[in-house]
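Trainee: Just dropping this structure here.
Protein chains in written order, with this note's numbering: chain A, 1 to 172; chain B, 1001 to 1172.
As structure tokens, this is what we get:
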């Protein structure tokens, strides 16, 4: 009698599943949200180092790219990327940023199951600008967030504030 | 006559392949190498902001974790993580760091094909410290590199030096 567990062969060969990638991204987004919360209101839109953009602008980029990416990831119909939209105007307070952040978190969760399994390997031109497989573009979004959040950690440290722990992200 | 291309069904369902993950990691490592090259020798081991570690220490962590991870990723036998080993002692010049970096690049390429396809989903405790699936640990290494490199970008900007372009990484 053959009583070994018959795993789905695809499950034995995947690096990570779409659900795990979603959890990975949302884990990073949760950490970035805690970074925004920790950031002093009076410095969020103004403080910077080395001629760089303030934290608000770094977060704006990350937030709006994620927001506007979802439709294209699913359908291949890409809007032109805009740094602020009717649905999500440029925030002028930290609370507005956090509210937009939470809206995008829900949007990603809602759109994600609509990504067809074959879609991750399809080559597309995101926002008419970023050409490559969809998995590559999704990692670009995630990596860009990590990159800018790391920069905001330095801003925070020079303001004398301890950032949230980098490793503190839930697993899938 | 059925003449549509019969793709391997697993290839239609994967987010990314092990080869693509390797290329993703090495693409980031290539960018980090250019960051190290761009960093002024006289500041590499000393300059910092906000009481943080200098660039050399951030890079040391990234380099040694990658170096010492490979054996465990493949076999499940983890060394204790050490910030400097006999094979790879603590560097005292930027050129030594670059040489170690290149050695680790070759090591990752050499070990990678030995990772069994099922291994990415196996739960392990990397270095006896980081518990989770292997894919998760590999992303931890990559993300930690992006995080610290982003911090080094700020150091560089405050030194008046333009860092290499973040998006300039080859695709798989």
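The C-beta atom is built at its ideal place from N, Cα and C for all residues, glycine as well.
#1: For residue 133 of chain A, count neighbouring Cβ atoms within 10 angstroms of its own Cβ and tell me buried if that reaches 16, exposed if not.
#2: Check for me: the alpha helix (DSSP H) holding residue 133 of chain A runs from which residue to which?
#3: Take the Cβ of residue 67 of chain A as the centre, count every other Cβ of all protein chains shown within 10 Å, and call the residue buried at 16 or more, exposed below.
#4: What would DSSP say about residue 67 of chain A, mapped onto helix, strand or coil?
#5: By the criterion of Cβ-Cβ separation under 7 Å, what are the contact partners of residue 65 of chain A in chain B?
#6: Assuming residue 1155 of chain B and residue 1031 of chain B are in contact, meaning their beta carbons sit under 8 Å apart, how far apart are those beta carbons, in whole angstroms?
#7: Can you grab the Cα-Cα spacing for the pair residue 148 of chain A / residue 83 of chain A, in whole Å?
#8: Take the Cβ of residue 1125 of chain B as the centre, count every other Cβ of all protein chains shown within 10 Å, and call the residue buried at 16 or more, exposed below.
#9: Name the residue from B:1055, B:1074, B:1060 whose alpha carbon lies nearest to the alpha carbon of residue 1135 of chain B.
#10: Distance cutoff 8 Å, beta carbons only. Does residue 1146 of chain B sit that close to anything in chain A?
#11: Closest to residue 87 of chain A by C-alpha separation, out of A:72, A:104, A:93, A:76, would be which residue?
#12: What are the boundary residues of the beta strand (DSSP E) that includes residue 1124 of chain B?
#13: Could you check if residue 163 of chain A is buried or exposed, using at least 16 other CB atoms within 10 Å of its CB as the buried criterion?
#14: Does any residue of chain B have a CB that is nearer than 8 Å to the CB of residue 153 of chain A?
#15: When you check each C-beta in the segment 17-30 of chain A against every C-beta of chain B, which residues fall closer than 8 Å?
#16: Within its chain, find whatever has a CB closer than 7 Å to the CB of residue 1076 of chain B; leave out the 5 residues flanking it on each side and keep chain order.
#17: Taking Cβ-Cβ distances below 8 Å as the criterion, which residues of the segment 68-80 of chain A are in contact with chain B?
#18: Less than 8 Å separating the beta-carbons of residue 151 of chain A and residue 65 of chain A?
#19: Quick check: what's the CA-CA separation for residue 1004 of chain B versus residue 118 of chain A?
#20: Helix, strand or coil, according to DSSP, for residue 86 of chain A in the structure here?
#21: Could you check how far apart the C-beta atoms of residue 1015 of chain B and residue 22 of chain A are, in whole angstroms? I think they sit under 8 Å.
#22: With distance defined between alpha-carbon atoms, name the residue in A:61, A:95, A:20, A:25 nearest to residue 42 of chain A.
#23: Does the distance from the CB of residue 173 of chain A to the CB of residue 72 of chain A come in under 8 Å?
#24: For residue 27 of chain A, count the other beta carbons within 10 Å of its own beta carbon; 16 or more makes it buried, fewer makes it exposed. Which is it?
#25: For residue 39 of chain A, decide whether its Cβ has a neighbour in chain B, counting only Cβ atoms nearer than 8 Å.
#26: Can you find a C-beta in chain B that's less than 8 Å from the C-beta of residue 51 of chain A?
#27: Among B:1168, B:1146, B:1153, B:1141, which has the Cα closest to the Cα of residue 1069 of chain B?
#28: Using a Cβ cut-off of 7 Å, pull out every chain A residue sitting near residue 1143 of chain B, in sequence order please.
#29: Would you say residue 150 of chain A reaches chain B, if we count a Cβ-Cβ gap shorter than 8 Å as a contact?
#30: Taking 7 Å as the line, does the beta carbon of residue 1122 of chain B fall inside it for any heavy atom of the ligand SAH?
#31: Considering Cα atoms alone, identify which of B:1109, B:1131, B:1108 is closest to residue 170 of chain A.
Mentor: Put simply:
#1: buried
#2: Segment 130-133 is the beta strand (DSSP E) holding residue 133 of chain A; no alpha helix (DSSP H) there.
#3: buried
#4: helix
#5: Chain B residues near residue 65 of chain A: none, gap ~12 Å exceeds 7 Å.
#6: Actually they do not touch by this definition, with Cβ atoms about 16 Å apart.
#7: 16 Å
#8: exposed
#9: B:1074
#10: yes
#11: A:104
#12: 1123-1126
#13: buried
#14: yes
#15: 17, 18, 20, 21, 24, 28
#16: 1124
#17: none
#18: no
#19: Only weak support exists for where residue 1004 of chain B lies, its pLDDT of 41 falling under 50; the value from the coordinates is given anyway. Taking the straight line joining both Cα atoms gives about 16 Å.
#20: coil
#21: Contact flag wrong, Cβ pair sits at about 10 Å.
#22: A:95
#23: Summary: the structure shown does not reach residue 173 of chain A, with chain A confined to residues 1 through 172, and so no result is reported for it.
#24: buried
#25: no
#26: yes
#27: B:1141
#28: 146
#29: yes
#30: The ligand SAH is absent from the structure shown, which contains no ligand whatsoever.
#31: B:1131
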